[in-house]
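**Q**
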Amino acid sequence: MKIMDFNRIRVIELKEQNPNLKSIPREAGVYRWWFPKELAEILLSSLKGIDLKLINKEEINDKEYWCLYFGIAKNLRQRIHWHACQKHTASAVKHGVISTLRQSISSLLKLDQTTSTDKVSEILEQCYWDWVSTDTKNTAKDIEKRELSDGYFPLNIQENKSVPSSVLTQLKELRKRHKK
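Numbering follows the numbering used here, with no gaps: position 51 of the sequence shown is 56.
(1) Give a yes or no on contact between the segment 131-140 and the segment 31-41, applying the rule of three or more CB pairs nearer than 8 Å.
(2) Looking at Trp71: is its Cβ nearer than 8 Å to the Cβ of Ala45?
(3) For Gln83, count neighbouring Cβ atoms within 10 angstroms of its own Cβ and tell me buried if that reaches 16, exposed if not.
(4) How far does the alpha helix (DSSP H) with Cys90 in it extend, from its first residue to its last?
(5) Which of the three DSSP states is assigned to Val16 in this structure?
(6) Okay, do the segment 106-120 and the segment 178-185 touch, 3+ Cβ pairs below 8 Å being the bar?
(7) In its own chain, which residues sit with a C-beta less than 6 Å from the C-beta of Met6, not counting the 5 before and 5 after it?
(8) Give the straight-line distance between the Cα atoms of Glu43 and Glu64, rounded to the nearest whole angstrom.
(9) Run through DSSP, which three-state label would Lys68 get?
(10) Looking only at its own chain, which residues have a Cβ that is under 6 Å from the Cβ of Pro169, when we skip the five neighbours before and after it?
(11) Whose C-beta lies closer than 6 Å to the C-beta of Val98 among residues of the same chain, with five residues either side of it excluded?
(12) So, under 8 Å CB-CB, Leu160 and Val16 are touching, yes? Tell me the CB distance rounded to an integer number of Å.
(13) Quick check on this structure: which residue in Asp67, Ser126, Lys124, Trp39 has the alpha carbon closest to the alpha carbon of Phe158?
(14) Note down the Cα distance separating Ser167 from Gln131, rounded to an integer number of angstroms.
(15) Hey, which unbroken runs of the beta strand (DSSP E) at 3 residues or more fall wholly within the segment 111-155?
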C-alpha cells in the first residue's frame, strides 16, 4: 500500500487563520477526520459492536486522537467548508443536504437538527482534518475503496467493508430517526 503524505491542521486553527479556507487546494483528494479520544468515545457510545481496538489512533500534540471518518472530494476546499462550516437550516435538514458527517454527529448526540449548527461546529473545531490531493477523482475513489476495506472508520456508512453491518445499520437508523 502506498503511504500518503497527508497535510494536517486542527479545524479551529484553519478557520481562524484562514476564514475563506484559501490554504486548502481546490483539487480532488482524500481526507480524514481525527477526533479527540474523549469525544470519540462519547460519539461511539451510542453504537453497540464497535471494536475500539481497530480504530486508528495517533498522538497529536501530546493528546490521543482517533480517526473516525474517511472521505473523498472533487474539491478539497469545498469539502472542508461543507463539513466544518455548514449551517443546519430548516430547509437543509428537510431536504437532506447536511453533510453526512454533521448528520452523524448530530444524530449520535441526539441534538436538534435545526439548532445544532454551533454545537456540531464546536465539536469539529476540536478535531484535526488531514488531506492529500490526488491526481483525479478516480484515484481518490480507488483510495477510498481500499481504505474502507482495510481501515476501520465507524462513521462511514457507504462502501464500509470493515465495520460490522450491525453497527452501520444502527448508525443509519439513528440518522433516519433523527431527521424526522
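Even glycine gets a Cβ: it sits at the ideal position worked out from N, Cα and C. Because the structure is a prediction, the values reported are computed rather than measured.
**A** Straight from the coordinates:
(1) yes
(2) Here residue 71 refers to the residue found at position 66 of the sequence shown. Here residue 45 refers to the residue found at position 40 of the sequence shown. Their beta carbons are under 8 Å apart, which means Trp71 touches Ala45 by this criterion.
(3) Here residue 83 refers to the residue found at position 78 of the sequence shown. That one is exposed.
(4) The residue labelled residue 90 in the question sits at position 85 within the sequence shown. That run of the alpha helix (DSSP H) goes 81-90.
(5) If you number the sequence shown from 1, residue 16 lands on position 11. In this structure, Val16 counts as helix in the three-state DSSP scheme.
(6) yes
(7) Taking the sequence shown and counting its residues from 1, one reaches residue 6 at position 1. Any answer about Met6 is weak, because its pLDDT of 40 lies below 50 and its placement is not dependable; what the coordinates show is given next. Counting only Cβ-Cβ distances below 6 Å, and skipping sequence neighbours, we find nothing.
(8) One-based indexing of the sequence shown puts residue 43 at position 38. One-based indexing of the sequence shown puts residue 64 at position 59. Cα-Cα distance, rounded: 13 Å.
(9) Here residue 68 is taken as the residue at index 63 of the sequence shown, counted from 1. Of the three classes helix, strand and coil, the one that applies to Lys68 here is strand, per DSSP.
(10) Position 164 of the sequence shown holds residue 169. Taken in chain order, the residues that qualify are Gly54.
(11) Counted from its first residue, the sequence shown places residue 98 at position 93. Same-chain partners within the cutoff: Gln118, Thr119.
(12) Counting from 1 along the sequence shown, the entry for residue 160 is found at position 155. Counting from 1 along the sequence shown, the entry for residue 16 is found at position 11. Between Val16 and Leu160 the Cβ distance is about 15 Å, and since that is not below 8 Å, they are no contact.
(13) Position 153 of the sequence shown holds residue 158. Answer by Cα proximity: Trp39.
(14) Stepping through the sequence shown from its first residue, residue 167 is reached at position 162. Stepping through the sequence shown from its first residue, residue 131 is reached at position 126. Each residue's Cα considered, the two are about 26 Å apart.
(15) 133-138
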